[in-house]
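Counting from 1, position 31 in the sequence shown corresponds to residue 31 in full-length UniProt numbering; the numbering is continuous, with no gaps.
Built from N, CA and C at the ideal position, the CB exists for glycine as well.
Model, not experiment: these values are computed from the prediction.
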Amino acid sequence: MLKENFNDLISFLMVARERSFTKAAAKLGVSQSALSHSIRGLEERLELRLLTRTTRSVAPTEAGEKLANSLEPRFAEIEIELNALSEMRARPAGNIRITAGEHAVDSVLWPVLKSFLAEYPDINVEITVDNTLTDIVTGRFDAGIRLGEQVAKDMVAVRIGPDMSMAVVGSPSYLAKYGIPTTPADLQHHRCINMRLPTMGGLYAWEFEKEGRELKVRVDGQLTFNSIRQRIDAAVIGFGLTMAPEDAVKAEIASGNLIRVLEDWCEPFPGYYLYYPSRRQHTTAFSLLVDALRYQR
Numbered sequence: 001m002l003k004e005n006f007n008d009l010i011s012f013l014m015v016a017r018e019r020s021f022t023k024a025a026a027k028l029g030v031s032q033s034a035l036s037h038s039i040r041g042l043e044e045r046l047e048l049r050l051l052t053r054t055t056r057s058v059a060p061t062e063a064g065e066k067l068a069n070s071l072e073p074r075f076a077e078i079e080i081e082l083n084a085l086s087e088m089r090a091r092p093a094g095n096i097r098i099t100a101g102e103h104a105v106d107s108v109l110w111p112v113l114k115s116f117l118a119e120y121p122d123i124n125v126e127i128t129v130d131n132t133l134t135d136i137v138t139g140r141f142d143a144g145i146r147l148g149e150q151v152a153k154d155m156v157a158v159r160i161g162p163d164m165s166m167a168v169v170g171s172p173s174y175l176a177k178y179g180i181p182t183t184p185a186d187l188q189h190h191r192c193i194n195m196r197l198p199t200m201g202g203l204y205a206w207e208f209e210k211e212g213r214e215l216k217v218r219v220d221g222q223l224t225f226n227s228i229r230q231r232i233d234a235a236v237i238g239f240g241l242t243m244a245p246e247d248a249v250k251a252e253i254a255s256g257n258l259i260r261v262l263e264d265w266c267e268p269f270p271g272y273y274l275y276y277p278s279r280r281q282h283t284t285a286f287s288l289l290v291d292a293l294r295y296q297r
């Protein structure tokens with residue numbers, strides 16, 4: 001019974017996870033008809049409906065949800081054990097999946113990976129650039145990267161970057177036309193390039209702190225982005241002021257394309273941390289990457 005069901009269980013779990021026969025078939029490398037036949041055979045043997053199918057969607061039934069929740073950790077354990085076998089090879093090897101925001105990838109992850117991957121050619125790293133607060137367990141990631149204040153307390157957190165500061169910047173032409181703000185309140189009278197938050201879809205309230213006094217200011221402007229690079233480019237062109245990580249605008253400030261304002265209101269805060277579940281057994285490949293990323297003061 002187990003041998004007969006094993007491949008079908010994997011097929012079912014992929015469909016339940018993807019909520020799509022098309023996506024699941026592509027990931028499994030099989031045809032949709034073969035995948036549908038596999039699921040149908042599993043349901044017939046169990047005498048249970050596992051998936052609810054409509055013309056537009058696929059979703060697990062109550063029984064299917066129970067089965068998926070039971071299978072997920074067991075298959076994860078099998079995968080970990082199989083990866084552990086690679087430790088018997090002469091060189092560290094394995095696959096590592098990491099989710100991180102755009103700035104974290106650019107500033108702390110990719111600079112380390114360039115030399116790390118060259119040193120360990122049998123270690124494969126998959127990076128998903130995602131500015132949302134991704135659930136790494138549900139998403140089957142080995143680790144994620146967030147600001148220290150955003151890491152859940154039940155995760156292991158390893159500091160991988162220095163303290164950070166935000167910077168409010170604008171082009172010389174914009175500041176010459178509209179003036180230089182001296183307090184956060186002055187931003188109410190300026191055109192600002194907004195950031196759309198990845199969670200809840202709201203606009204980011206610009207955060208300031210000076211001598212223990214914290215302020216959040218909601219700003220208005222003609223442009224809104226959910227990425228950093230476009231906000232900086234728009235500021236250089238002269239569409240308004242924007243707030244971005246200091247290191248992301250350092251080159252533009254040095255070249256004179258942007259001028260920093262309100263610097264005394266932008267105090268440092270804890271930087272990026274790599275985080276992962278404490279209960280998970282880790283491969284040598286993963287441990288090596290953690291050590292390579294670990295921030296040295």
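Looking at the structure shown, is residue i part of a helix, part of a strand, or coil, going by DSSP?
i           : result
Y272        : strand
E47         : coil
V137        : coil
N257        : coil
P172        : helix
L293        : helix
T284        : helix
P121        : coil
M1          : Confidence is the limiting factor: at M1 the pLDDT is only 49, short of 50, which leaves the residue's position unreliable, though a coordinate-based value still follows. DSSP places M1 in coil when its eight states are reduced to three.
G94         : strand
V15         : helix
residue 358 : No statement about residue 358 is possible, as the shown extent of the chain runs from 1 to 297 and does not include it.
A152        : coil
F239        : coil
G64         : helix
P184        : helix
S31         : coil
E252        : helix
E211        : coil
L42         : helix
P73         : helix
P162        : coil
H189        : helix
L262        : coil
E79         : helix
Under the DSSP definition of a beta bridge, which residues are partnered with residue i?
i    : result
W206 : V217
F21  : Answer is none; F21 lacks a bridge partner.
V129 : A100
F225 : M195
G144 : T99, Y275
A157 : Y275
T54  : According to DSSP, which records beta bridges pairwise, T54 is partnered with nothing at all.
A167 : A244
A59  : T52
With residue i and residue j assumed to form a contact (beta carbons below 8 Å), what rounded beta-carbon distance in angstroms separates them?
i    : j    : result
T205 : R218 : Before going further, note that residue 205 is Ala rather than Thr in the sequence given. About 5 Å separates the two Cβ atoms, so the contact holds.
V158 : V290 : 6 Å
Y276 : D142 : 6 Å
P184 : L215 : 5 Å
P268 : D106 : Their Cβ separation, rounded to whole angstroms, is 19 Å, which puts P268 and D106 out of contact at 8 Å.
N194 : L203 : 5 Å
Y120 : L288 : 7 Å
R45  : N5   : 7 Å
Cβ of residue i versus every heavy atom of the ligand NAD: is any distance shorter than 8 Å?
i   : result
T52 : No copy of the ligand NAD occurs in the structure displayed, which carries no ligand at all.
Do the region 53-69 and the region 109-128 make contact, defined as three or more Cβ pairs closer than 8 Å? The way I'd put it, the region 53-69 doesn't touch the region 109-128; fewer than three beta-carbon pairs between them come closer than 8 Å.
Contact the region 52-59 vs the region 92-108: 3+ CB pairs below 8 Å: Using a C-beta cut-off of 8 Å, the region 52-59 makes no contact with the region 92-108, since fewer than three inter-stretch Cβ pairs fall below that distance.
Check whether the region 145-158 and the region 171-189 are in contact - that is, three or more C-beta pairs closer than 8 Å. No: the two stretches stay apart, fewer than three of their Cβ pairs being nearer than 8 Å.
Is the region 260-269 touching the region 115-132, taking contact as three or more C-beta pairs under 8 Å? No: fewer than three Cβ pairs fall under 8 Å.
Touch test, the region 34-51 against the region 8-17, Cβ-Cβ under 8 Å, three pairs minimum: Between the region 34-51 and the region 8-17 there are three or more C-beta pairs closer than 8 Å, enough to call the two in contact.
Do the region 229-245 and the region 160-170 meet, that is, are 3 or more Cβ pairs less than 8 Å apart? The region 229-245 is in contact with the region 160-170.
Does the pairing of the region 135-149 with the region 218-228 give three or more beta-carbon distances under 8 Å? Cβ pair count under 8 Å is below three, so no.
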